[in-house]
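**Student:**
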Amino acid sequence: VVYEQEGVFIHSSCGKNDDQDSLIAGILRVIEKENEVVVDWRPLDETLDTSNILCAGKDSSSVVEWTQTPKEKCSRGADRPSSYEAEWDMVTTVSFKKKPHSNGDATTHANGESKWSFLFSLTDLKSIKQNKEGMGWSYLVFCLKDDVKLPALHFHHGDSKPLIKCLEKHVALNESPHDERVLLVKTQKSLSQSFENLFDEPSYGLLQKWKRDPYIVTMGKFSKVTNYIVGSLRSSDPSNQRRPPSEMADFLNDTIPGLKINQQEEPGFEVITRIDLGKQPEVSRREPVSAEEWAKNMDSEGRILDVDYIKRLIFKGGLCHTLRKEAWKFLLGYFPWNSSKEERAHLQKRKTDEYFRMKLQWKSVSEEQEKRNSRLRDYRSLIEKDVNRTDRTNKFYEGEDNPGLILLHDILMTYCMYDFDLGYVQGMSDLLSPVLYVMENEVDAFWCFVSYMDQMHQNFEEQMQGMKTQLIQLSHLLRLLDSGFCSYLESQDSGYLYFCFRWLLIRFKREFSFQDILRLWEVMWTELPCQNFHLLLCCAILESEKQQIMDKHYGFNEILKHINELSMKIDVEYILCKAEAISMQMMNCKELPQTVSEILGIENSSVTPDSDTGEDESGAELSCPASLYQSISTPVIAANGTRDGAQQMAETQSLTPA
């Protein structure tokens, strides 16, 4: 709470006798929440029936009518910040609806008392009208976008100047040239400089929130904003229900500068540059690597004998859980693959000392110091909030005062000391949680997390370079795999693949069960069979859903809703098989576009320039890493879970380039 003032009244019967019943005493607060600032007024009456609070509720027509909301959605006093969270992350509590209503009428309850309340985000503020008469108490009126005016607030105790001074710290206020009593909100760059120049129409409220902080919007309860986002993206005019695909392409290009995803300029038009990838090969999975297999591949000093071989085993089957605590340290780069057991012990000792030195840095900051360090204060606040909602259904993190939660908090705070420039961004707790669960050790979990963040760092940077690059690369891969499906997505304003944002941001963490994500991540960490295998996993999921999306003629909203509802319903083994089959398709292709070869890190002497028609005149063979295709002399297990030792030869053959 950055501002608080009691004695702020609403005059519910303006122009009548100034009796007590026409005045509603209340308290006005300005609340700072991460990347949002909220103005909140509510009656002082402690018996306030929260079911009648006037609360923001966005829909496709934006600011249109007052609504009443259920108690559980509106009990959001400043003393209970957690109660803001569910609605806040959905970006719905941002402006008002008004039903036929005049500012002088109050809602009357059975007990005869009038009770009002309102809350709005400063991003929805258009202007402030204040009196400058110098007579009586001061008052002001907030006007929101779409010219919705809130009831006048009368400052019986003190004046409104401290409030204006507080608001000016967050928005630029300029005096109107037409009326000196009116302060206009000047449009500024959003808090995240990565998101500028989005559409100016008021109906684009949610997109403006996504522009300001895509992480919070994406990490929130995504499915509950689909009805609003489609209304935001489409005009309310029935004759203009579809925006041109080129305009939709501009949306992400403006939102994430540098993101350029091709869109068809005319519905039904398709450039004939298809490349035949051939039929997807059959792929099988094997059983997880056992402790016995791991031990056999280690010499007397504890060195891994054949790193490529063990990586192939992990890629094809993952690890049994008892091995993860040791093997993940190698996969993530905390332990060098060629290190001995003694060398690793020395490394751990050195890293333990280094960790606790960094931990002491934030532990020793006094309350007075922290008051003068806004960044550390903000990091701590965000971490505490996120830790309290990360994987709480997992036994490792459930319950109050759980030691797992304390470790999660301490590791994230220490990471802020390790990389203070990045600090903490929402979503990082999702990446740490499985690592800590497996390691069961604060120091080891921290350094494994550091290594993982080295891979994921660009996803969380302000300029979002990692997200830009991945969305563009995914578009290239999907277009090569199925240009018809890409054309359909574009025709439904979905060609920019926004629905994959959360997949990429936290590597499918919220799409698979906790145990499945352990399997998926360890397979991806082998860096086999090619670069950016996680993008092929995206392709595999989308291709699996293509038939339903196209057969049922899903539009923008239905696609977004359908993809979101796949969460926790995806078969990890099936998707791993399918993604591997797609990789083999592409690596066996003799006419692979150069862009795709670079994305997958494939050496192909006969790559096709992106501007060519796809014909290959050289006839040169594709060059793939030989180590990937060496036989794995262990029984394999098919995606359906059936074991067949005789499939070993079939697997080896399926891995051999044509």
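According to UniProt numbering, the sequence shown is numbered sequentially starting from 1. Just so you know, even glycine gets a beta-carbon here, dropped at the ideal spot from N, CA and C. The structure displayed is predicted, hence computed values, not measured ones.
#1: Since residue 429 and residue 412 are thought to touch, with beta carbons under 8 Å apart, how far apart are those beta carbons, to the nearest angstrom?
#2: Measuring CA to CA, which of 532, 449, 422 is closest to residue 470?
#3: What residue does the beta strand (DSSP E) around residue 321 start on, and which one ends it?
#4: So, at 7 Å on beta carbons, what are the nonlocal neighbours of residue 332 in its own chain, with the 5 sequence-adjacent residues on each side left out?
#5: Under three-state DSSP, which class holds residue 529?
#6: For residue 11, which of helix, strand or coil comes out of DSSP?
#7: I need the straight-line Cα distance from residue 30 to residue 118, nearest angstrom please.
#8: Looking at residue 130: is its Cβ nearer than 8 Å to the Cβ of residue 160?
#9: Where does residue 360 land, buried or exposed, given buried means 16+ other C-beta within 10 angstroms?
#10: Could you tell me how far apart the beta carbons of residue 2 and residue 36 are, in whole angstroms, since I believe they sit closer than 8 Å?
#11: How many angstroms separate the CA atom of residue 120 from the CA atom of residue 38?
#12: Under the three-state reduction of DSSP, which class applies to residue 496: helix, strand or coil?
#13: Who are the near neighbours of residue 139 in its chain, counting only those whose CB is closer than 8 Å to its CB and skipping five residues on each side?
#14: Under 8 Å, do residue 481 and residue 582 count as touching if we go by C-beta distance?
#15: Determine the extent of the alpha helix (DSSP H) in which residue 378 is found, giving its start and end residues.
#16: For residue 174, which three-state DSSP category applies?
#17: State the start and end residues of the unbroken alpha helix (DSSP H) segment that holds residue 669.
#18: Taking just the CA atoms, how far does residue 535 sit from residue 170?
#19: Provide the residue(s) that pair with residue 3 in DSSP beta bridges, ordered along the chain.
#20: Below 6 Å CB to CB, which residues in the same chain sit around residue 584 once its five sequence neighbours on both sides are set aside?
#21: With DSSP as the reference, please indicate the residues paired to residue 541 in a beta bridge.
#22: One question on the structure: do residue 659 and residue 587 come within less than 8 Å of each other, judged by their Cβ atoms?
#23: Nearest to residue 473 by CA position, among 384, 598, 137, is which residue?
#24: Is the CB-CB distance between residue 528 and residue 315 below 8 Å?
#25: Check the DSSP bridge columns for residue 154 and list the partner residues they point to.
#26: Three or more C-beta pairs under 8 Å: does that hold for the stretch 346 to 365 against the stretch 316 to 325?
#27: Since residue 582 sits in a beta bridge, which residues does DSSP pair it with?
#28: Rounded to whole angstroms, how far is the Cβ of residue 116 from the Cβ of residue 27, which I believe are closer than 8 Å?
#29: Once DSSP output is grouped into helix, strand and coil, what is the label at residue 41?
#30: Does the pairing of the stretch 478 to 494 with the stretch 542 to 552 give three or more beta-carbon distances under 8 Å?
#31: Since residue 600 and residue 500 are thought to touch, with beta carbons under 8 Å apart, how far apart are those beta carbons, to the nearest angstrom?
#32: Quick one: what's residue 559 bridged to in DSSP?
#33: Is the beta carbon of residue 513 less than 8 Å from the beta carbon of residue 556?
#34: Give me the Cβ distance between residue 422 and residue 457, rounded to the nearest whole Å; I'm assuming they're in contact under 8 Å.
#35: To the nearest angstrom, report how far apart residue 573 and residue 516 are at their CA atoms.
#36: When the Cα of residue 443 is compared with those of 357, 593, 11, 287, which residue comes out closest?
**Tutor:** Working from what's here:
#1: Counting from 1 along the sequence shown, the entry for residue 429 is found at position 429. Counting from 1 along the sequence shown, the entry for residue 412 is found at position 412. Rounded, the Cβ-Cβ distance is 6 Å, consistent with contact.
#2: Working through the sequence shown from its first residue, we reach residue 470 at position 470. The option with the nearest alpha carbon to residue 470 is 532.
#3: On the sequence shown, residue 321 is found 321 positions in, with the first residue counted as 1. No beta strand (DSSP E) contains residue 321, which is instead part of the alpha helix (DSSP H) from 321 to 331.
#4: On the sequence shown, position 332 is the one that residue 332 refers to. If we look at residue 332 and ignore the five residues flanking it on each side, its Cβ neighbours are 448, 451, 452, 525.
#5: Mapped onto the sequence shown, residue 529 falls at position 529. In this structure, residue 529 counts as coil in the three-state DSSP scheme.
#6: On the sequence shown, position 11 is the one that residue 11 refers to. DSSP places residue 11 in strand when its eight states are reduced to three.
#7: Looking up residue 30 in the sequence shown gives position 30. Looking up residue 118 in the sequence shown gives position 118. If I take the Cα positions, the gap works out to 12 Å.
#8: Residue 130 sits at position 130 when you count from the first residue of the sequence shown. Residue 160 sits at position 160 when you count from the first residue of the sequence shown. Contact flag set, yes.
#9: Taking the first residue of the sequence shown as position 1, residue 360 is located at position 360. Looking at its Cβ environment, which holds fewer than 16 other Cβ atoms inside 10 Å, residue 360 is exposed.
#10: Start at 1 with the first residue of the sequence shown, and residue 2 comes out as number 2. Start at 1 with the first residue of the sequence shown, and residue 36 comes out as number 36. That pair is no contact at about 12 Å.
#11: Within the sequence shown, the letter at position 120 stands for residue 120. Within the sequence shown, the letter at position 38 stands for residue 38. Looking at the two C-alpha atoms, the distance is approximately 6 Å.
#12: Counting from 1 along the sequence shown, the entry for residue 496 is found at position 496. Residue state, collapsed to three classes: coil.
#13: In the sequence shown, residue 139 corresponds to position 139, counting from 1. Result list for residue 139: 130, 131, 152, 153, 154, 155, 160, in chain order.
#14: For the purposes of this step, residue 481 is taken as residue 481 along the sequence shown, with counting starting at 1. For the purposes of this step, residue 582 is taken as residue 582 along the sequence shown, with counting starting at 1. Yes.
#15: The count along the sequence shown starts at 1 and reaches residue 378 at position 378. From DSSP, the alpha helix (DSSP H) with residue 378 extends over 374 to 387.
#16: Translated into positions along the sequence shown, residue 174 becomes position 174. Note: residue 174 maps to strand in three-state DSSP.
#17: With the chain covering 1 to 658 only, the question about residue 669 has no answer from this structure.
#18: For the purposes of this step, residue 170 is identified with residue 170 of the sequence shown, where counting begins at 1. For the purposes of this step, residue 535 is identified with residue 535 of the sequence shown, where counting begins at 1. Approximately 39 Å, taken between the alpha carbons.
#19: For the purposes of this step, residue 3 is taken as the residue at position 3 of the sequence shown. 30, per the DSSP bridge assignment.
#20: Position 584 of the sequence shown, counted from the first residue, corresponds to residue 584. Spatial neighbours of residue 584 in its own chain (CB-CB distance under 6 Å, excluding positions within 5 residues in sequence) are listed in chain order as 281.
#21: Your numbering for residue 541 matches position 541 in the sequence shown. In DSSP, residue 541 forms no bridge with anything.
#22: Nothing in the structure corresponds to residue 659, since the chain is present only between 1 and 658.
#23: As a first step, residue 473 must be located in the sequence shown, where it is residue number 473. Of the candidates 384, 598, 137, the one whose C-alpha sits nearest the C-alpha of residue 473 is 598.
#24: The residue given as residue 528 occupies position 528 in the sequence shown. The residue given as residue 315 occupies position 315 in the sequence shown. For residue 528 and residue 315, yes; Cβs fall inside 8 Å.
#25: On the sequence shown, position 154 is the one that residue 154 refers to. Answer is 9, 139.
#26: As far as the Cβ criterion goes, the stretch 346 to 365 does not touch the stretch 316 to 325, which means the pair count is below three.
#27: Looking up residue 582 in the sequence shown gives position 582. Within the DSSP bridge table, the entry for residue 582 names no partner.
#28: Working through the sequence shown from its first residue, we reach residue 116 at position 116. Working through the sequence shown from its first residue, we reach residue 27 at position 27. With a Cβ gap of about 12 Å, residue 116 and residue 27 do not count as contacting.
#29: Residue 41 sits at position 41 when you count from the first residue of the sequence shown. Of the three classes helix, strand and coil, the one that applies to residue 41 here is strand, per DSSP.
#30: These segments touch.
#31: One-based indexing of the sequence shown puts residue 600 at position 600. One-based indexing of the sequence shown puts residue 500 at position 500. Not a contact, Cβ separation roughly 17 Å.
#32: Here residue 559 is taken as the residue at index 559 of the sequence shown, counted from 1. Beta-bridge pairing links residue 559 to no other residue.
#33: Taking the first residue of the sequence shown as 1, we reach residue 513 at position 513. Taking the first residue of the sequence shown as 1, we reach residue 556 at position 556. It is not a contact, given that the beta carbons lie outside the stated cut-off.
#34: Translated into positions along the sequence shown, residue 422 becomes position 422. Translated into positions along the sequence shown, residue 457 becomes position 457. Their Cβ separation, rounded to whole angstroms, is 7 Å, which keeps residue 422 and residue 457 in contact under 8 Å.
#35: Taking the first residue of the sequence shown as position 1, residue 573 is located at position 573. Taking the first residue of the sequence shown as position 1, residue 516 is located at position 516. Residue 516 has its alpha-carbon roughly 9 Å from the corresponding atom of residue 573.
#36: For the purposes of this step, residue 443 is taken as the residue at position 443 of the sequence shown. Among 357, 593, 11, 287, the Cα nearest to that of residue 443 belongs to 357.
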